[in-house]
Amino acid sequence: MATSIIVSPSPLPALASSPHYTRPTYLMCPPEWYGVDYVINPWMAGNVHRSSRDLAFAQWKGFHNVLRGVADVRLLHPEPGCPDMVFLGHGALVQHGVAALSSFNHPQRRTETPHLNKWLESQAFLLWKTPRETAFEGEGDITFNDDGTILWAAHGVRTCRAAHRHVADAWHTPVRSLHLVDPRFYHLDTCFTPLHGGFLIYYPGAFDAASLALIEAAYPAEKRVAVSEHDATHMACCALNIGRTVFTGELSRELAAHLFDVGFDVVQLELGEFIKGGGGAKSLALRLSDLRVTHATV
Ligand code: ARG
832 MATSIIVSPS PLPALASSPH YTRPTYLMCP PEWYGVDYVI NPWMAGNVHR SSRDLAFAQW
892 KGFHNVLRGV ADVRLLHPEP GCPDMVFLGH GALVQHGVAA LSSFNHPQRR TETPHLNKWL
952 ESQAFLLWKT PRETAFEGEG DITFNDDGTI LWAAHGVRTC RAAHRHVADA WHTPVRSLHL
1012 VDPRFYHLDT CFTPLHGGFL IYYPGAFDAA SLALIEAAYP AEKRVAVSEH DATHMACCAL
1072 NIGRTVFTGE LSRELAAHLF DVGFDVVQLE LGEFIKGGGG AKSLALRLSD LRVTHATV
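Be aware that the sequence shown starts at 832, since it is given in this note's numbering, and climbs by one per residue.
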C-alpha cells in the first residue's frame, strides 16, 4: 500500500538557547530622555523643544498600560543622549529568535544602537548585523506580512534598497521592495502595516505606481484598508496589531468603523507628543514574540 508523506517547509531552526515566548511579547523604553531635539523628519520641523516630557510620559504610560493587558511588556533602560530611543521599533526586526539589527541612517539615532543590541544579546537572540554602508531602520522600514511568509521593505528615505535582501536572508524569506515617495511618510510603518487575517492598513499616496501595483496584487481589495490623507497624517497606519486588536492613534469615525466592520477591536490612544517626533503606536514597541504567537487568538 502506498504511503504519503507530507513535506512542509521548516522554519529556520531556532537555537536551543534562543528566547521562546509563549505570549505576545514586546520591548518598550520609557520616554525619560524623550524630546524633539533635532530635525530628521518633516514632523519634527517646527516642533523642536516643543514637546512636553510630562505629557509624553503620561501618553506612553497610557499605551504601556493597555498593551500590558494583552501582552508581556519588557522594558529597556532609557539612556541620556538618546532622545528618540522611545521609538524602539526601529532598532531591529525580530522573528524566530533572530534579531536583524538596524544600522541607522542618521547619526543622531546611532547612539541608541549599543544599548538595544546589548539587551538583545543578553536575552540570547541570534544577532544578524547590517553593514554600516547599507542603512536599515528595523520595523520602521521592513515588516513581515501577518503570517511571516513575506517581508515588505521600503526604500527611498531611510533604508537603503541594498539592505532588503540582506535582512531577508536572516530568515530566507522572499522580500518585496516598496518605494516611498512622500517625505512625510519616511518610514514604512507610517503608511503600511499588515494586519492579522491577511488585512492591510495603508496610505496609497505614500507609494509610487509600481509599489501600489505590488500591494494590490498581494492584497485583494476587500482586505485593503486604505486610509485618507487626514488619517495618515494622524499616524493611523502606525498601528500595533495583536490578533484582532489594533492599537493606534486617534482615527476618523469612518476609519474606525471600517476596521470594526472587518473584525478588529480598535484601541485609540492619545499619542500627540510622539507624533511631534514623527512616530505612532507601532514605533513605540519592538515585537519580540514570533508572529504566530503574537496573533494567536485564545
Ligand atoms: N524621530 C524619530 C525618527 O525620525 C521618529 C521615528 C518614529 N516613527 C515612525 N513611526 N516611523 O527617526
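Using N, Cα and C, we set each Cβ at its ideal position, and we do this for glycine too.
- For the pair of segments examined, the segment 924 to 936 was found not to touch the segment 894 to 914: the number of CB pairs separated by less than 8 Å stays below three.
- Selection 1108, 1116 and 907 evaluated against residue 877 yields 1108 as nearest (Cα-Cα).
- Here the alpha carbons of residue 872 and residue 1093 stand approximately 33 Å from one another.
- For residue 895, the uninterrupted alpha helix (DSSP H) run begins and ends at 884 to 899, by DSSP.
- With at least 16 other beta carbons inside 10 angstroms of its own, residue 1120 counts as buried.
- Measuring C-alpha to C-alpha distances from residue 1116 to each of 1097, 1082 and 1073 identifies 1073 as the nearest.
- If you check the CB distance, residue 1098 and residue 1090 do not come in under 8 Å.
- C-alpha of residue 938 to C-alpha of residue 932: approximately 16 Å in a straight line.
- The DSSP-derived three-state label of residue 862 is coil.
- Assigned with DSSP and collapsed to three states, residue 981 falls in coil, not helix or strand.
- Here residue 1010 is bridged, per DSSP, to 986.
- At least one heavy atom of the ligand ARG lies less than 7 Å from the C-beta of residue 1018.
- Remark: the C-beta of residue 921 is in contact range of the ligand ARG, defined as less than 7 Å to any heavy atom.
- Sequence-distant Cβ neighbours of residue 1017 in its own chain, meaning closer than 8 Å and more than five residues away, are 872, 873, 988, 989, 1011 and 1109.
- Annotated as proximal: residue 1079 and residue 1111, with beta-carbon spacing under 8 Å.
- Between residue 961 and residue 998, the CB-CB gap stays under 8 Å.
- For the 8 Å CB-CB criterion, residue 1062 and residue 1036 do not form a contact.
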